[in-house]
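Heads up: the protein sequence lines correspond to chains A and B, in order.
Using the working numbering, you'd call the opening residue of the first sequence number 498 and step up by one each time.
Using the working numbering, you'd call the opening residue of the second sequence number 46 and step up by one each time.
We treat Cβ as the ideally placed atom computed from N, Cα and C, and that holds for glycine.
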Amino acid sequence: MRRMRYLGWISVSIQIVLFSIIILHMKLWESFLGFIFGREEDIIYPRAPLSILVGEHLFLVIVSTLLALIAGTLLGIYVTRPRGRDFLTIVNDVTAIGQTFPPVAVLALAVPIVGFGAKPTILALFLYSILPILRNTVTGLENIPPDIRESAIGMGFTGLQRLLRVELPIALPVIMAGIRISFVINIGTATIGAVVGAGGLGTPIISGLVRNNPSFVLEGALVSAFLAIIADQFLAQIERAMRAPYERALSS
Amino acid sequence: MNKNRMIVLENVTKSYGEKAALQGISFDVENGELCVLIGPSGCGKSTTLKLINRMLEPDGGEILIEGRSVRDFKPELLRRKIGYVIQSIGLFPHMKVSQNIAVVPSLLKWERKRIGERVDYLLELVGLDPAIYRDKYPNELSGGEAQRIGVARALASDPPLLLMDEPFGAVDPLNREILQVEFLKIQRKLKKTVILVTHDLDEAIKLADKIVIMDMGRIVQIGQPENILSKPANSFVRNFVGTDRAIKRLSRFQVADYMNRASSTTIRRLKESNYKEAASRRESRFLWITDEMGILTGWIDFKNFKESDRLEEGITHVDPSNFAVRAEFTLKESLSRMLSQGVRSLPVTDEKNRLIGEINLSTIEKLTELEE
């Protein structure tokens, strides 16, 4: 079991190294895409190197997920406390709307207010990813067995001590699963940011569509897909490590 | 006020909405006493327990701990001074055994070293090797082990008062018996004031110094177990304790207190090698036979023994550990063994199977006579 975890980290590390080599060595891309599409036309999106695009992309995703993490967990904690319980339904409903509302529509509505660039994109991604994090926070906290809560109260924890020392540590792996879902979905969704000039891996895709150059589209799409797969595995490893030793003890 | 009274409840009432859960409960528990609250489900016994550490607040009446109202304390601070054990134990799954036990001491901000020593002491107290169990997680424990940790955790800050809500309820019957005996040993050593809730009458009889029988939010009878069994206050209690209460009552008495000691003249015994003496002791019907070390080997019934018979042939050899009873056995166990062996008296032996006395059916019979 311990060995397995070790292997998981090695595999993720290897993928990250490979990914870095690919995006830092444009020649590799050029020959790969050239092999598919032939050499006659522009193979590689010329206006920005892949490393910059990936950097912009990760910036959009990380900032929006971090904001959603803060808002989602705080809201989740609040609506599971006695004084916030009344708001549980309404908060669930509002965030559900946030997720069903198409990000493109959010962009369209946000641009007139906050302008072009990263801001409307981050807003759209934030609204889109708050729901999985909130839902998982609520689930994680609500699923704490009542006897654990009762014994914590009976032993003399204050409300805050109980939250920080008992409830959140037990709920943490579930919350982490929500973060992973949001983050991975956001990597895919962030490509639309290119429409409003936020940069990122959507830029070659949009450009390729406009110029009818499938090689540009493939460049952006492949890299963002690869990025999503690696992020998913990386966060899954963290989640597994967080599924505190007590769960490992059970399965080993 | 009597200084010995650890807990006093005065006319305590509590209702959930329309439904009255407690309709004026008054009783007190002395320092070092083990008080069992018992009754059918919904009688209010668990509610009563939760009022004491303010998991619930009463609608009326007064609850005093060592003469001070529980309302004088902040609930959290009050609870840290009261050990609390629930049926499902509620160990924290993300904490090691040592961290679970250390919860209240660390809330009380004890020094790390003191906490470590306390954890090891408590693990040994509940019969678990600290080196093995300290670093385990709760899901690596059996039900019985988890229950022991639950008791250790409740005792962690050495509180004078312990509240236990069906503490042995989730353990299988065999382990429950073992845990009850072990808990009694710990309790005799530490002399905590304990209030224990159960619906298991045998458990109550075995553990309690005092039993409070409740029904529909009222106290029906308070008393020592043997008194409740011999003098049920009304038909409810009589039904509750069951028609076998005479036998149940026997589990309150220990062989040690009712046996004839081997040193007394009434007991008839003989060393196996000492054949000559047999004839002189023949006036009594039974003779316990021991070897040179005093270990029980058998008995002689002179009724079927003829003058001409050799002594060896008259001896019925027995396995002392199966046949004899021990001083710490209850009279209920002794009676059961007498019935299964078909005898009217049994030898009492020590842990090395040495004969130390004899227990007679007639003694037990006297104790089963009840007042109706």
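- Its chain contains 188, 189, 192, 224 as the residues whose beta carbon lies nearer than 8 Å to that of residue 216(B), once the 5 sequence neighbours on both sides are disregarded; these appear in chain order.
- Contacts with chain A at 7 Å (Cβ-Cβ) include residue 149(B).
- At a cut-off of 7 Å between C-beta atoms, residue 129(B) counts as an interface residue with respect to chain A.
- Residue environment: residue 176(B) is assigned as exposed (fewer than 16 neighbouring CB atoms within 10 Å of its CB, all protein chains considered).
- Annotation: residue 585(A) to residue 131(B) spans about 30 Å, alpha carbon to alpha carbon.
- Assignment of residue 139(B) by DSSP, reduced to helix, strand and coil, places it in the coil class.
- The DSSP-derived three-state label of residue 173(B) is coil.
- Approximately 4 Å separates the beta-carbon atoms of residue 554(A) and residue 697(A); this is inside 8 Å, confirming the contact.
- Counting only unbroken stretches of 4 or more residues, the alpha helix (DSSP H) elements lying wholly within the stretch 629-673 of chain A are 643-651, 656-659, in sequence order.
- Between residue 78(B) and residue 255(B), the C-beta spacing is below 7 Å.
- The stretch 544-560 of chain A makes contact with the stretch 714-722 of chain A, as at least three CB pairs between them are under 8 Å.
- Straight across, the Cα-Cα distance linking residue 547(A) with residue 158(B) is about 56 Å.
- Selection 122(B), 182(B), 116(B), 395(B) evaluated against residue 142(B) yields 182(B) as nearest (Cα-Cα).
- By the Cβ neighbour-count rule, residue 684(A) is buried, with 16 or more other Cβ atoms within 10 Å of its own.
- In terms of beta-carbon proximity, residue 169(B) stays away from the interface with chain A, with every pair separated by 7 Å or more.
- Residue pairing for residue 394(B): DSSP places it in a beta bridge opposite 371(B), 400(B).
- Shown here for residue 406(B): same chain residues with a beta carbon closer than 7 Å to its own, the five before and five after excluded, namely 383, 389, 390 in chain order.
- In the three-state DSSP reduction, residue 261(B) falls in the coil class, being neither helix nor strand.
- Cβ contact annotation for residue 635(A) (same chain, cutoff 8 Å, sequence separation greater than five): 573, 576, 577, 585, 589, in chain order.
- Linking residue 652(A) to residue 116(B) through their CA atoms gives a straight-line distance of about 17 Å.
- Across the stretch 81-99 of chain B, CB contacts with chain A closer than 8 Å involve 98, in sequence order along the chain.
- With respect to the C-alpha of residue 54(B), the residue from 126(B), 75(B), 226(B), 60(B) having the closest C-alpha is 75(B).
- Note on residue 398(B): 16 or more other CB atoms within 10 angstroms of its CB, so buried under the neighbour-count rule.
- For residue 107(B), the enclosing beta strand (DSSP E) begins and ends at 105-110.
- For residue 72(B), there is no enclosing alpha helix (DSSP H); the enclosing beta strand (DSSP E) has its first and last residue at 64-75.
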